[in-house]
Amino acid sequence: MTHQTVGHVPASDQDGPLADCPDSALVPPGREPRCPVDITLATLGGRWTPLVLREFLRRGQATYSELSAALPALSHKVLSDRLAQLTGAGVIERHRIPGWPPRVRYVLTSQGRALEPVVRSMWEWGMAQRNARRRAHDPSDTT
0 MTHQTVGHVP ASDQDGPLAD CPDSALVPPG REPRCPVDIT LATLGGRWTP LVLREFLRRG
60 QATYSELSAA LPALSHKVLS DRLAQLTGAG VIERHRIPGW PPRVRYVLTS QGRALEPVVR
120 SMWEWGMAQR NARRRAHDPS DTT
């Protein structure tokens with residue numbers, strides 16, 4: 000009889016698209032991530048970041064005012080921080096619109112568009128969870 004040690008990945012599971020990063024790829028917080036999942040999480044990190052990205056995936060581009068109206072629960076500081084984070088990650092670009100008062104339009108980059116399957120997977124998983132909870136509370140609900 001064999002058993003699996005907690006935290007041990009069997010040799011047959013070490014290859015493949017979601018194989019664990021070697022310990023050398025895992026870094027403490029505050030350092031540049033090297034593990035692919037960690038890189039993605041660093042890009043989408045923060046309570047509201049995926050929802051800001053969702054708005055860009057819907058629109059392609061937006062002004063600060065448009066985003067603020069679409070996500071009214073966000074404080075101005077949080078929205079500004081998330082826009083700076085996504086700009087720094089290359090997910091969106093900041094374009095100044097000539098004129099007075101100064102205006103800025105944020106545009107989704109191709110790198111940002113490449114995150115669409117990630118956000119879509121989050122959406123689909125969330126929908127399945129929401130529907131399961133509804134069915135648990137109302138067994139006659141078939142949605």
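Take the sequence shown: its letter number 99 is residue 98 in numbering that gives the first Met the number 0, and every next letter is one higher. Yeah, the Cβ is synthetic: ideal placement off N, Cα and C, and Gly gets one too. Predicted, not measured: the structure shown is a model, and the values here were computed from it.
Selected residue, minimal CA-CA separation from residue i, among the options
i      : options                           : result
Thr39  : Leu107, Arg104, Pro116 and Pro100 : Pro116
Ser67  : Arg33, Leu82 and Leu56            : Leu82
Val90  : Gly45, Gly111, Met121 and Tyr63   : Gly111
Gly59  : Pro97, Pro101, Leu78 and Leu114   : Leu114
Ser109 : Glu92, Gly45 and Val118           : Glu92
Arg102 : Thr62, Val36, Trp124 and Arg57    : Thr62
Val145 : Arg53, Gly45 and Trp124           : Residue numbering for the chain in the displayed model covers 0 to 142; residue 145 lies beyond these limits and cannot be assessed.
Pro71  : Pro100, Leu50 and Met121          : Leu50
Three-state class that DSSP yields for residue i in the structure shown
i      : result
Thr62  : strand
Gln3   : The pLDDT assigned to Gln3 is 43, lower than 50, so where the model puts this residue is not dependable, and the model offers no usable value.
Trp99  : coil
Ala131 : helix
CB contact flag (residue i, residue j, <7 Å)
i     : j      : result
Leu85 : Trp47  : no
Arg53 : Val106 : no
DSSP bridge partner residues for residue i (one or two, in chain order)
i     : result
Glu92 : Val106
Which whole runs of the beta strand (DSSP E) in the stretch 35-79 are 3 residues long or more, in chain order?
60-62
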